[in-house]
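*Asks:*
Number of protein chains: 2
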Amino acid sequence: MKASDKVKHRTDMISSALRSAILERVLMPGMKLPEDSLGERFGVSRTLIRQSLERLAAEGLVELRRNKGAMVAKPSLEEARDLFELRTQIEDLVISRVIKNMSPELLAELEAHLAKEVAAEHASEPISIRLATEFHILLAKLSGSPVLLRYVEEIGYRCGLTLSLYARPHSTDCGIQEHRQIIEALKTGDEETARKLMRHHLTAVADRALFTTEEGGPLLYLDALEPYAKKVRDGGA
Amino acid sequence: MKASDKVKHRTDMISSALRSAILERVLMPGMKLPEDSLGERFGVSRTLIRQSLERLAAEGLVELRRNKGAMVAKPSLEEARDLFELRTQIEDLVISRVIKNMSPELLAELEAHLAKEVAAEHASEPISIRLATEFHILLAKLSGSPVLLRYVEEIGYRCGLTLSLYARPHSTDCGIQEHRQIIEALKTGDEETARKLMRHHLTAVADRALFTTEEGGPLLYLDALEPYAKKVRDGGA
DNA sequence: GTATAATTGATTGCATGCAATTTCGCCACA
DNA sequence: TGTGGCGAAATTGCATGCAATCAATTATAC
């Protein structure tokens with residue numbers, strides 16, 4: 012019975028695929044996302060596409076305008092600043108909760124993740140960005156608060172999207188070294204230091220996002236989506 | 012053109028109606044929400060009902076289980092505690108932002124709202140609960156951060172739902188007096204006091220929610236929804 | 001009499017169809 | 001050359017239909 016509850020809806024797969032595509036800069040901000048083109052690609056009807064788009068809209072990754080369809084969100088600089096500021100404050104909450112819950116098992120999880128990051132250090136950029144994001148999400152998971160986890164996820168994703176608009180392509184968005192230091196501080200239970208490190212870590216990322224880039228028209232160029240769609244069509248996770 | 016953007020979808024109206032019904036304890040936690048009964052009541056097809064339910068599920072007010080339909084969420088005590096704890100921390104962020112933005116206009120808005128609360132002091136319980144919730148939401152609005160606003164809304168709603176499960180029916184959930192004191196502290200720019208007051212205010216509410224009530228089966232009793240549905244059918248906001 | 005299997009009824013998952021709205025190309029006209 | 005309007009194509013908003021799944025109840029065996 013629980014197994015059947017765990018069955019993922021196709022909607023989940025599609026929104027995950029689209030989310031990945033957005034975060035990996037395959038779908039750039041401003042691109043149009045017509046329901047039936049997407050439906051064709053993913054091999055499903057507009058119904059499911061629409062659901063996925065609505066979900067992503069709730070996360071702030073796509074904008075949905077009445078009778079005008081969906082497009083990848085294009086956060087303004089102001090929104091971006093708000094987002095990054097909130098992020099540091101929210102992750103502050105994460106830190107203090109993780110410290111409260113600290114345990115050897117928990118530490119092991121963190122270090123396992125760090126190891127993955129190190130292993131992928133010279134892999135492709137999208138992968139290392141994803142891993143870096145997942146470090147923050149892992150921390151949120153370990154905070155023990157489902158709601159906090161959701162917020163960190165959402166803000167993290169949106170910050171990632173923002174970076175694809177305002178940051179130059181190949182900045183190492185999250186230093187592995189910094190992650191290591193944070194884990195170190197958590198290990199010794201030094202909340203103050205951990206917070207400071209995290210704050211520094213995040214503002215460093217934010218500060219790199221100060222470039223105002225010129226406007227580009229809303230393009231429609233979904234071919235790059237193909238690999239993501241294929242996975243869903245083939246029933247992948 | 013902007014006007015057309017502001018047109019509310021019927022989905023918005025329906026989810027608002029359902030949200031109100033839940034928060035005003037017309038739909039109690041655990042009640043089943045079948046798509047077609049609701050569709051009939053609201054005079055729309057299952058399509059729109061489904062969208063609304065999904066939106067409410069994203070907010071945590073409704074639980075959605077595969078092939079089993081929707082029901083009003085029934086947060087566990089543990090989830091409730093998490094929610095209330097997070098709420099105090101999130102509203103801390105609100106306070107410090109509002110203090111930064113403080114201005115006479117802003118103060119006027121707050122006092123106008125307080126006046127409304129006073130005026131409705133002896134009105135029906137649902138109304139005063141709603142106004143009390145809206146005080147917190149107004150503060151979040153004045154914080155200037157759209158994302159923070161969304162989070163405060165969501166957490167506020169979910170706390171309201173929780174109270175309908177665990178608190179005794181007629182506790183004055185938010186003291187008007189306490190709201191007044193908070194405004195006072197904000198006026199003088201005393202962040203420390205404002206925070207302390209808010210924290211005290213919120214934990215007072217949370218502590219009233221310590222009663223474990225016995226289990227009730229998932230009922231289906233939608234007749235009480237009628238007034239909410241009527242408004243939507245008639246095209247009201 | 002209890003337990004298990006099979007059938008029926010209710011409810012959701014998803015696709016499709018039609019009407020309404022928007023967008024875009026085209027042509028007239030200043 | 002640039003601008004305004006008009007019609008066709010594209011796209012969304014919503015309802016409905018059918019298949020799949022789940023819940024409940026009856027039937028059957030032990």
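In the order they appear, the protein sequences are chains A and B. In our numbering, each residue carries its 1-based index in the first sequence increased by 11. In our numbering, each residue carries its 1-based index in the second sequence increased by 11. Heads up, the beta-carbon is just placed ideally off N, CA and C, and yes, glycines get one too. Given the structure is predicted, the values throughout are model-derived calculations rather than measurements.
Between the Cα of GLU102 of chain A and those of A:ALA123, A:LYS152, A:LYS19, spot the shortest distance and give me the residue it belongs to.
*Replies:* Answer by Cα proximity: A:LYS152.
*Asks:* Looking at the unbroken beta strand (DSSP E) that takes in GLU74 of chain B, where does it start and where does it end?
*Replies:* That run of the beta strand (DSSP E) goes 73-76.
*Asks:* Are the beta-carbon atoms belonging to LEU72 of chain A and THR173 of chain A less than 8 Å from one another?
*Replies:* Cβ atoms of LEU72 of chain A and THR173 of chain A: not closer than 8 Å.
*Asks:* For the beta strand (DSSP E) containing MET82 of chain A, name the first residue and the last one.
*Replies:* Where MET82 of chain A is concerned, the enclosing beta strand (DSSP E) stretches over 80-83.
*Asks:* Can you check which of these residues, B:SER154, B:ASP201, B:SER48, B:GLU116, is closest to ALA235 of chain B by C-alpha distance?
*Replies:* When each option's Cα is compared against that of ALA235 of chain B, the closest is B:SER48.
*Asks:* Assuming contact is defined by CB atoms lying nearer than 8 Å, are PRO137 of chain A and LYS85 of chain A in contact in what I supplied?
*Replies:* Taking 8 Å as the Cβ cut-off, PRO137 of chain A and LYS85 of chain A do not qualify as a contacting pair.
*Asks:* Ignoring anything shorter than 4 residues, give me the alpha helix (DSSP H) runs that lie fully in the segment 73-149 of chain A, in order along the chain.
*Replies:* Counting only runs of 4 or more, we get 88-112, 115-130.
*Asks:* Check distances from the C-beta atoms of the segment 81-95 of chain B to those of chain A and list, in chain order, the residues that come in under 8 Å.
*Replies:* Answer in chain order: GLU90, ASP93, LEU94.
*Asks:* If distances are taken between C-alpha atoms only, which option among A:LEU142, A:TYR177, A:PHE53, A:GLU70 comes closest to ASP245 of chain A?
*Replies:* Checked all of A:LEU142, A:TYR177, A:PHE53, A:GLU70; the closest Cα to ASP245 of chain A is A:PHE53.
*Asks:* At which residues does the alpha helix (DSSP H) containing LEU160 of chain A begin and terminate?
*Replies:* It spans 157-177 - the alpha helix (DSSP H) in which LEU160 of chain A sits, taken as one unbroken run.
*Asks:* Since I believe LEU149 of chain B is in contact with GLU120 of chain B (beta carbons under 8 Å), could you give me their beta-carbon distance rounded to a whole number of angstroms?
*Replies:* The pair is a contact, with the Cβ atoms about 7 Å apart (cut-off 8 Å).
*Asks:* Kindly identify the DSSP beta-bridge partner or partners of LEU44 of chain B.
*Replies:* Paired residues: B:ALA81.
*Asks:* Report the option in A:THR58, A:ALA196, A:VAL37 whose CA atom is closest to the CA atom of MET113 of chain A.
*Replies:* Of the candidates A:THR58, A:ALA196, A:VAL37, the one whose C-alpha sits nearest the C-alpha of MET113 of chain A is A:ALA196.
*Asks:* Work out the CA separation of LEU29 of chain B and TYR239 of chain B for me, nearest whole Å.
*Replies:* Taking the straight line from one Cα to the other gives about 8 Å.
*Asks:* Return the chain-ordered list of same chain residues with a C-beta closer than 7 Å to the C-beta of SER63 of chain B, the five sequence neighbours on each side being excluded.
*Replies:* Same-chain partners within the cutoff: THR22, ILE25, SER26, LEU29.
*Asks:* One question on the structure: do SER175 of chain B and ARG36 of chain B come within less than 8 Å of each other, judged by their Cβ atoms?
*Replies:* Result yes, Cβ atoms of SER175 of chain B and ARG36 of chain B sit closer than 8 Å.
*Asks:* Identify the contact partners of VAL158 of chain A in chain B, using a Cβ-Cβ distance below 9 Å as the criterion.
*Replies:* Going along chain B in sequence order, the residues near VAL158 of chain A (Cβ under 9 Å) are GLY71, GLU90, ASP93, LEU94, LEU97, TYR162, GLU165, ILE166, ARG169.
*Asks:* Find out if the Cβ-Cβ distance for the pair ILE110 of chain B, ALA215 of chain B is shorter than 8 Å.
*Replies:* No, these two residues do not count as a Cβ contact at 8 Å.
*Asks:* Check the Cβ of LEU104 of chain B against every Cβ in chain A and list those closer than 7 Å, keeping chain order.
*Replies:* Here the neighbours are GLN100.
*Asks:* Quick one: Cα of SER107 of chain B to Cα of GLU202 of chain B, how far?
*Replies:* For SER107 of chain B and GLU202 of chain B, the distance between alpha carbons rounds to 7 Å.
*Asks:* As a quick exercise: from A:GLY171, A:ALA143, A:GLU189, A:GLU165, pick the residue whose alpha carbon is nearest that of ALA68 of chain A.
*Replies:* Of the candidates A:GLY171, A:ALA143, A:GLU189, A:GLU165, the one whose C-alpha sits nearest the C-alpha of ALA68 of chain A is A:GLU165.
*Asks:* Suppose the cutoff is 6 Å on Cβ atoms and the five residues either side in sequence are ignored; what does the same chain contact list for ALA248 of chain A look like?
*Replies:* The predicted position of ALA248 of chain A is uncertain, since its pLDDT is 49 and thus under 50; a value taken from the coordinates is nonetheless stated next. Nothing meets the Cβ criterion.
*Asks:* Just to confirm my understanding: we take HIS20 of chain B, look at its own chain, exclude 5 residues before and 5 after, and list those with CB closer than 6 Å. What are they?
*Replies:* Cβ within range, chain order: n/a, list empty.
*Asks:* My guess is that LEU213 of chain B and GLN192 of chain B are in contact by the Cβ rule of under 8 Å, so how many angstroms apart are they, rounded?
*Replies:* Rounded, the Cβ-Cβ distance is 13 Å, inconsistent with contact.
*Asks:* Terminal residues of the continuous alpha helix (DSSP H) containing MET24 of chain A?
*Replies:* That run of the alpha helix (DSSP H) goes 21-34.
*Asks:* Against chain B, with Cβ distances strictly below 8 Å, would GLU46 of chain A count as a contact?
*Replies:* So no, GLU46 of chain A is outside the interface.
*Asks:* When the Cα atoms are used, what is the spatial distance from LEU75 of chain A to PRO45 of chain A?
*Replies:* If you take the alpha carbons of LEU75 of chain A and PRO45 of chain A, they lie about 11 Å apart.
*Asks:* List the endpoints of the continuous alpha helix (DSSP H) containing LEU197 of chain A.
*Replies:* Element bounds for LEU197 of chain A: 187-198.
*Asks:* Is the shortest distance between the beta-carbon of GLU65 of chain A and the beta-carbons of chain B less than 8 Å?
*Replies:* Judged by the 8 Å Cβ criterion, GLU65 of chain A is in contact with chain B.
*Asks:* Taking 8 Å as the CB-CB limit, is GLN192 of chain A close to chain B?
*Replies:* Chain B, which has no Cβ nearer than 8 Å to the Cβ of GLN192 of chain A, makes this no.
*Asks:* Using CA coordinates, which residue listed in B:ASN78, B:HIS190, B:THR99 is at the minimum distance from GLU145 of chain B?
*Replies:* Nearest of B:ASN78, B:HIS190, B:THR99 to GLU145 of chain B, Cα basis: B:HIS190.
*Asks:* Quick one: give me the first and last residue of the alpha helix (DSSP H) that ALA235 of chain A is part of.
*Replies:* Element bounds for ALA235 of chain A: n/a, residue is neither H nor E.
*Asks:* Let's test the definition: count the other Cβ atoms within 10 Å of the Cβ of GLU89 of chain A and tell me whether it reaches 16, buried, or not, exposed.
*Replies:* Under this definition GLU89 of chain A is an exposed residue.
*Asks:* Please compile the residues from chain B whose C-beta is within a distance smaller than 9 Å of the C-beta of GLN62 of chain A.
*Replies:* Correct list: ARG61, GLN62, GLU65.
*Asks:* For CYS170 of chain B, which of B:GLY155, B:HIS147, B:SER154 has the nearest alpha-carbon?
*Replies:* For the residues B:GLY155, B:HIS147, B:SER154, the minimum Cα distance to CYS170 of chain B belongs to B:HIS147.
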